Each structure stands twice: as structure tokens, then as C-alpha cells.
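2 protein chains.
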Amino acid sequence: MAKTILDIAQITGVAKSTVSRYLNGGSVSEATKRKIESVIKETGYVPNTFAQSLKAKKTNIIGTIVPRLDSYAASQTLIGIDEKLREYQCQMLISNSSQDLEREIENIYSLERQKVAGIILLATQITSAHLEAFRKVDIPVLLVGQQYDGTYSLVHDDYGAAYDMGKYVLSMGHRKIVFLGVTEKDIAVGVRRKEGFQQAVQEAGNCEIKYCETGFAIKDALETACRIIDEYRPSIFVCATDNIALGVLKAAYMKGLQVPTDLSITGFGGYEVTEIIHPSLTTAKFYYKEAGQLAAQSMMKLVNEESIEKVMVSRYKILERESVDKR
Amino acid sequence: MAKTILDIAQITGVAKSTVSRYLNGGSVSEATKRKIESVIKETGYVPNTFAQSLKAKKTNIIGTIVPRLDSYAASQTLIGIDEKLREYQCQMLISNSSQDLEREIENIYSLERQKVAGIILLATQITSAHLEAFRKVDIPVLLVGQQYDGTYSLVHDDYGAAYDMGKYVLSMGHRKIVFLGVTEKDIAVGVRRKEGFQQAVQEAGNCEIKYCETGFAIKDALETACRIIDEYRPSIFVCATDNIALGVLKAAYMKGLQVPTDLSITGFGGYEVTEIIHPSLTTAKFYYKEAGQLAAQSMMKLVNEESIEKVMVSRYKILERESVDKR
DNA sequence: CTGAAAGCGCTTACAG
DNA sequence: CTGAAAGCGCTTACAG
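Going line by line, the protein sequences match chains A and B.
Residue 1 is where the first sequence starts when you use UniProt numbering, and the numbers rise one by one after that.
Residue 1 is where the second sequence starts when you use UniProt numbering, and the numbers rise one by one after that.
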């Protein structure tokens, strides 16, 4: 059923090598070119990628490992990567780790086995097993979202965004603040965003601020927020992600608090939904798709052995919307 | 750098075939087994997938084509597929068509070239070029979300869900209704959902109903809804997707209408966010992840040449929430 | 411009 | 249990 290059050669009456040359743009006379072309069309021949790759020892596939498929940040980043890779005639192979760090490691090795040209890892936490894997695989690895010494990384400016967000919140007159963050194992989201915010607060002084931690899931944030609202009455929740902010928003409704009059809320991310909801959410927008494109472009440079910055930083923008009230 | 099976064989002092047998669980003596094992560990040898696949002529990869990465339905379906495939030791290769039908066709052929064992297509529209591609590629194809004669398909019960939604809306006393649908090129969403709803309305009689069409994007729905609200004052918008409902919700806010007191809204899909927003959205929930799992399982049967139903139907559930008022 | 031959890394009957 | 050999489908110097 599936034709091989030999079939084409025999039908056309030329040698395999000639067909191969035709396929790869080598020198072939116009006449044979036409003959081969028509035979290929008739037979519906498609080259066997494996045989090609076996020779080439390299593919034009870039592996991308994502912690989860159902995240705005991840899907936007993937879209950006995909777009840019397509420009370079490269394919993107998505590998889902389902937020399982061990599976993430497995995926790295599995991508190596599939001879991808490079690996883009949408990182959350980096363990020593990760570092070992980076060392072992003989292909370029680029981290997106987390920074780690010794590997290439593209990060969002979590610190800067959080600092600006802190400045903004304070400028709006808030002095009784809950910062609802996440585990510090996640350096970018758990540590950097907190630190940036802390810096802004510190510079301002006289401010009552409580740092709390919750999970990434909306439901977790909802529960945590309900508890905090009962115990403590902040004028604002500064949330480390938009999803957390969404949970807090729901908690406010459940507690009968008007947003932003009774309670202000901010997020990080700039998910599409934050603009649609009412009140719309004040948040620090990260340019995920853009970051994805940059990641892909940088990876292509790495693959072509051009040099790139060890650490690249993607931009952000504070979106002042309706969920923050002036105090 | 990268070791081959020959290197391992030479270091161990055996033949390539023995190493291969070891790798594939053939008969090898305990002693050689141990030796080979240790050499492989030392060298960090990983088999070359291409060489393997070149022989096997088949991979354990299932290709999945999605119209877009940033859709709740798509990502949930992918997660379901991925989960189930993993159970079968199979890989999922995601191919994004960015809502470009031509690219979708290209992706089918490209997956064939990569010798995937089967293709799961999260379908939107099926053109004749699609049908030609299905015929030409010599591997099983399964459609998800759309039904088409001659191909295997797994669909959501769009008609049933829409019928039930119609019944529900009418039972809540609504008699001046806008059904905000999408292009009829999309049979499942544009035609089936409308037909199911129509059937319910027809059975009820005496009802003023207006059928309108809009795009899939929240922004499109927002604009369309604004126009409709100005021209016509329905008591309810029945929207063909949750995203459209979200757009209408925003439009209502912008027009100063209270939901659900001034205007009721329903959707289709059951996206996570519909539960979080306020008021929460009444919608027909489809079980995307479950559908993905079933799709993967069915595909595995197809790959193993077991027989499956030509058309499978996934379940749904009407979620009665806060966005519909009793009239 | 064209063809014969070697080789990419693996698997698989076939002998032994 | 083990090894030599052929072959999967393609590419790539090397001659001609």
C-alpha cells in the first residue's frame, strides 16, 4: 500500500537516488523531474519520516513540555511557540506532564529519544532530577517561566510586575492588605511576585499586610479567601494569579461583599476572562503568546548554534480596571 | 556521544542481536542480561526511535488535530485523550490547525507521514478535502464533535441537550426568546443545537422567538448582543456556547441590565468559568474529558482492529444555576 | 544529470 | 542462549 522511494524509482524508470535528489531539490533534468512528479502524484507517495530522520539524525521537531493543558498561560504560550516554529518550518511536539514532576523528567528523556532538536520546558519547579536531565540530554533546553542557573531561560518580569502592582495598590490608598500567594517552591510565582510586592510595601511604610498562601486552583483560593475574610477584614486581596483572584471574587460574592466597594481584588496574568467578568479584574498582564514566540525563536537560534542571552525577560503591563477601589 | 546498539554490543562483548533481544525481552541468559544492563546504565544508552519505527513500520503514537489550543473544550478533550492513551502506553501528538481548514488537511497528511497509528480529529467543519484525506490516509480516523457518514465519530448530544435546554427555558416561563447561534457550517453547534431547541419550542407553541447568528469569539457575541438588546427586548438569550453567553453577559452589564432579573442567559459547554462568575451561568454541560477518554479508547480498538460503533454519543447535563429567572 | 553502493540504528527470522 | 546476515526506507558522497 504505502509506496517507497524504490517503487517510485522503478515506475519512473530511474534510480532511487535520482528520486531522492528530486525530493531534496538536487540537480535533476526537467524531463525526469516531470516524470517523477507525476508518478508521485499518481501514487500518492509520501516519504517515510523515520527513514529520513534515521539518516539525518536530527529532526525539525521541537519538544515542548507543559505542566497542564488547561491553563491560559500554557495554551497562549504554546500558540506563540507554534506560530513561530511554523515560520521556521519546524514542528512542535507537545508533551503533557499533568503537573507531575516525575513525569516531566520522563518526558525530557522521551523527547530525547524521539530526537527532537530542542526542548522548551514550561517550568514550574526545578528539581535536581531536572538539572541532571538537562545535563544528560545532548540537546538544547530552554526554560520558560522559571529561571535557573546554568540553563537558558525566558521569564516574565514577576518581580517588576509585582512591584508595580504594589505601588499601584498603595497609591489607591489601601493599607490593610492580604497578599494571597502560592508555594515558594514555585520561584517565579511564589517567591518573585511576593518579593516585588514586599519591596513596594517596604518603601511605602505604615501598612498592615498579611501574607497568606493557597493553591493554584480556583476552589482552593475560594476556600482560603472565605476563611481570611471571616478572620480579618482587608480592604484588598492582592492575588498571585488571576485564578486565585477569581476564587477570591467568588468568595466575596458568597460573603455578600461588593467588589470593589467593600473589597478590592487584583490578579496576575491577564487571562481573557478577567476582562469579561464583572467587575473586570485589575491585573498584571503577561504577554504569554509573545513569550512563546520569543522562546521558539531563541530555541531556533540554539538549534542553529547561534548564541543567545542566558536569561531573557518578557514584558508585562498593569491593567487598571474595575476591581480596585480608591480608599 | 549518542551510543548505538552496536557500541553496547561491543563493550559488553556480545552481538547486536543479543542486545536487541535483551531490550525487547527476548531470551538472554541471566549473566549476559546483567552485563548488558550495567553497560546500558553506564553509557546512558537510549534506543533510536527512528530506527525502531523504521522496522516496526508503525508507532504507538496517536495524532490529535485541534482547531485551537486555547479552548476549554479542546484542552479538556486533549487531557482525556492523553490520560487514556497513557494507560495504553501510547503517546499523543498534538497538531494545531489554528482554525485553518487547509492547515487541518495538511496536518492529516503530515501525521500520516509521521506514521501515527491513528488520527483523532477535533472537528469543526468537514469539507470534501477532509473526506478525500480520510480516504487516502491508510490509518484509522476518528472525529470528535462532528458526525460524518463514512467515518467514525464521537459526538456530544447537541440535539438532546438543546432540546432539554429549550424545555427548561420554557418551563421557567420565558416566551420572548433570542437564540444566539453560530454558522450552520458547524453542524454540531450551528445546526443541531438550533434544531433541538426549535423542537422544544415547537412542541410548546405560542412563543416569540428570534434566531440570530454570531461568531464564536466573546467579542463578537458582545457586539451582536448589544445590537439585539437595542432593537429587541428578549427576556432571555439562549446562547449556542458558553463563550457567547459570556459575551452576552458582558453586553447586559454594559447596557445596565441586571442578570437574571432584567435578562436571563444560558449557554452550552459547562466551562469552568461559568461556575465562578456571578451570577453563575445556567448551561448544558458536556463531558469533554470523558469524551476524550472514550475517543482514545475507541481509537485503540480501531488500531487493534477491533470493531467499534460508527457513531458514539457522549452525555450531557443541564446545570440549572443563577442566570435564569422565573417569569 | 544520473546511478551503484554504503550506511543510518535497529529487528528478526534463521542457524547453530 | 547466541550470532551472522538481511532488510526497513532513505540520503549522500563518489564515479561516470
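Glycine residues also receive a C-beta, built at the ideal position from the N, C-alpha and C atoms.
Remember, it's a predicted structure, so these values are computed and weren't measured experimentally.
Nearest CA to the CA of residue i: which residue from the options?
i, options, result
"T241 of chain B", "B:K33, B:Q199, B:A9 and B:T274", "B:T274"
"E195 of chain A", "A:G205, A:F179, A:C207 and A:E87", "A:F179"
"V144 of chain B", "B:V303, B:Y287 and B:K326", "B:Y287"
"S264 of chain A", "A:Y163, A:K55, A:S95 and A:G173", "A:G173"
"G269 of chain A", "A:V66, A:D158 and A:E106", "A:D158"
"Y38 of chain A", "A:Y271, A:Y22, A:Q52 and A:S27", "The displayed chain sequence assigns Ser, not Tyr, to residue 38 of chain A. Comparing Cα positions, the closest option is A:Y22."
"S20 of chain B", "B:R34, B:I5 and B:G13", "B:I5"
"R227 of chain A", "A:V248, A:E102 and A:D7", "A:V248"
"K301 of chain A", "A:I120, A:Y45 and A:A252", "A:I120"
"I209 of chain B", "B:D7, B:T59 and B:Q198", "B:Q198"
"Y271 of chain A", "A:T18, A:V28, A:S29 and A:A73", "A:A73"
"I36 of chain A", "A:I8, A:E87, A:Y168 and A:M254", "A:I8"
"K255 of chain A", "A:T266, A:Y232 and A:N243", "A:Y232"
"residue 340 of chain A", "A:C239, A:I126, A:N243 and A:A162", "Nothing can be reported for residue 340 of chain A, as the shown portion of chain A is limited to 1 through 327."
"R327 of chain A", "A:A188, A:K289, A:V259 and A:E290", "A:V259"
"K167 of chain B", "B:I139, B:I187, B:G205 and B:A188", "B:G205"
"Y45 of chain B", "A:P234, A:G26, A:S110 and A:G267", "A:S110"
"L85 of chain A", "A:V324, A:K289, A:R315 and A:R113", "A:K289"
"T59 of chain A", "A:G160, A:K41, A:M92 and A:V189", "A:M92"
In whole angstroms, give me the CA-to-CA distance for residue i and residue j.
i, j, result
"L294 of chain A", "K176 of chain A", "39 Å"
"A200 of chain B", "L170 of chain B", "8 Å"
"L257 of chain B", "D70 of chain A", "32 Å"
"K310 of chain B", "L131 of chain B", "16 Å"
"V313 of chain B", "K136 of chain B", "26 Å"
"K317 of chain B", "I277 of chain B", "19 Å"
"S128 of chain B", "K219 of chain A", "45 Å"
"E203 of chain A", "I236 of chain A", "19 Å"
"I61 of chain B", "I62 of chain A", "16 Å"
"E320 of chain B", "D230 of chain A", "29 Å"
"V14 of chain A", "N48 of chain A", "19 Å"
"G292 of chain A", "I81 of chain B", "24 Å"
"I308 of chain A", "A296 of chain A", "12 Å"
"E305 of chain A", "E322 of chain A", "47 Å"
"S298 of chain A", "I79 of chain A", "16 Å"
"A51 of chain A", "I65 of chain B", "24 Å"
"T77 of chain B", "V155 of chain B", "12 Å"
"R192 of chain A", "F216 of chain A", "16 Å"
"A245 of chain B", "A225 of chain A", "27 Å"
"C239 of chain B", "Y152 of chain B", "28 Å"
"E87 of chain A", "N96 of chain B", "14 Å"
"L54 of chain A", "L54 of chain B", "8 Å"
"D325 of chain A", "Y211 of chain A", "21 Å"
"C207 of chain A", "P279 of chain B", "34 Å"
"S17 of chain A", "K16 of chain B", "29 Å"
"C90 of chain B", "T266 of chain A", "42 Å"
"V28 of chain A", "L122 of chain B", "41 Å"
With C-beta atoms as the reference, is residue i less than 9 Å away from residue j?
i, j, result
"T124 of chain A", "Q147 of chain A", "no"
"I11 of chain B", "T32 of chain B", "no"
"G150 of chain A", "F134 of chain A", "yes"
"K57 of chain B", "K3 of chain B", "no"
"I261 of chain B", "E213 of chain B", "Note on identity: in this sequence residue 261 of chain B is Thr, with Ile being the wrong assignment. Contact: no."
"V141 of chain B", "I108 of chain B", "yes"
"P67 of chain B", "E104 of chain B", "yes"
"K250 of chain B", "L281 of chain B", "no"
"A284 of chain B", "M165 of chain B", "yes"
"I139 of chain A", "E112 of chain A", "yes"
Name the one or two DSSP bridge partners that residue i has.
i, result
"N206 of chain A", "DSSP, once it has assigned bridges, lists no residue as partnering N206 of chain A."
"E213 of chain B", "B:G181"
"L319 of chain B", "B:T283"
"H156 of chain A", "A:S314"
"K176 of chain A", "A:E208"
Flag residue i as yes when its Cβ comes closer than 8 Å to any non-hydrogen atom of the ligand ADP, and as no otherwise.
i, result
"K255 of chain B", "The ligand ADP is not part of the structure shown, which contains no ligands of any sort."
Quiz prompt | Those runs of the alpha helix (DSSP H) which lie wholly inside the stretch 21-66 of chain B and span at least 4 residues | solution = DSSP runs (the alpha helix (DSSP H)) wholly in the stretch 21-66 of chain B: 30-43 and 49-56.
Self-check item: Every unbroken alpha helix (DSSP H) inside the stretch 83-144 of chain B [4 residues or more]
Solution: With a minimum length of 4 residues, the continuous alpha helix (DSSP H) runs that stay inside the stretch 83-144 of chain B are 101-113 and 128-136.
Exercise. With a floor of 4 residues, list each alpha helix (DSSP H) that falls wholly inside the stretch 221-273 of chain A, ordered by position along the chain.
Key: Counting only runs of 4 or more, we get 242-254.
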